[in-house]
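Inspection log for the structure reproduced underneath, given as structure tokens.
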Amino acid sequence: MARVKLVLPDHFPFSCPIEIGIGHINYGGHLGNDSALTLIHEARLRFLKSLGLTELDIGGRGLILSDAVVLYKAEAFWGEILVAEVAVEDFNKYGCDLLYRFRRQTDGGDVLHAKTGMVFFDYTTKKPARVPVEFINKLGMQEHTA
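Residue numbering for the sequence shown follows numbering that gives the first Met the number 0, starting at 0 and increasing by one per position.
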């Protein structure tokens, strides 16, 4: 099988620290692969919160994950602080991609690279919805951190 590759942006407009908790650790003593999506979700929620949004209400629409790619670059351990960075790219009619880079706070070494395909969703009609103008407008803000 061919290796998956991600091209990350040169600049991530959002960043926040996230501590590796004991629940993120697997039997090998390091960050479990299943916990990567949990950390990605946490970074996404913090990113949205920094814009005054939630996954359940972005201009009256929800935001759901349609696909994910995770590339593991290095181990991470309990108690380490990772800097999670988030960028938005590749808009389409119903969504966009969120790109993530997780680095160790101590030395800046990359731990995870990821992409999640996100779809805006109307929970009333149970159908995909167009990207809300509110989301586009919020992304026009200056650089922000949490």
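Think of the CB as a built atom: it goes at the ideal place given N, C-alpha and C, for glycine as much as any other residue.
Burial state of residue i, where buried means 16 or more other Cβ atoms lie within 10 Å
i	result
residue 100	buried
residue 84	buried
residue 14	buried
residue 126	exposed
residue 117	buried
residue 82	buried
residue 19	buried
residue 120	buried
residue 35	buried
residue 143	Note that residue 143 has pLDDT 44, beneath the 50 cutoff, so the model's placement of it is unreliable and the number below is only indicative. It is exposed - the Cβ of residue 143 has fewer than 16 other Cβ atoms within 10 Å.
residue 46	buried
residue 43	buried
residue 134	buried
residue 138	exposed
residue 55	exposed
Beta carbon of residue i nearer than 9 Å to that of residue j
i	j	result
residue 24	residue 76	yes
residue 72	residue 97	no
residue 12	residue 57	no
residue 74	residue 112	no
residue 69	residue 39	yes
residue 7	residue 86	yes
residue 79	residue 105	yes
Where residue i sits in the DSSP three-state scheme
i	result
residue 63	strand
residue 137	helix
residue 132	helix
residue 85	strand
residue 3	coil
residue 125	coil
Nearest-angstrom Cβ-Cβ length linking residue i and residue j, presumed shorter than 8 Å
i	j	result
residue 93	residue 67	That belief does not hold up - the Cβ atoms of residue 93 and residue 67 are roughly 17 Å apart, past 8 Å.
Quick one: complete alpha helix (DSSP H) runs, 4+ long, within the stretch 95 to 121?
For the stretch 95 to 121, not a single whole alpha helix (DSSP H) run of length 4 or above is found.
What alpha helix (DSSP H) runs, 4 residues minimum, are completely inside the stretch 9 to 81?
32 to 49
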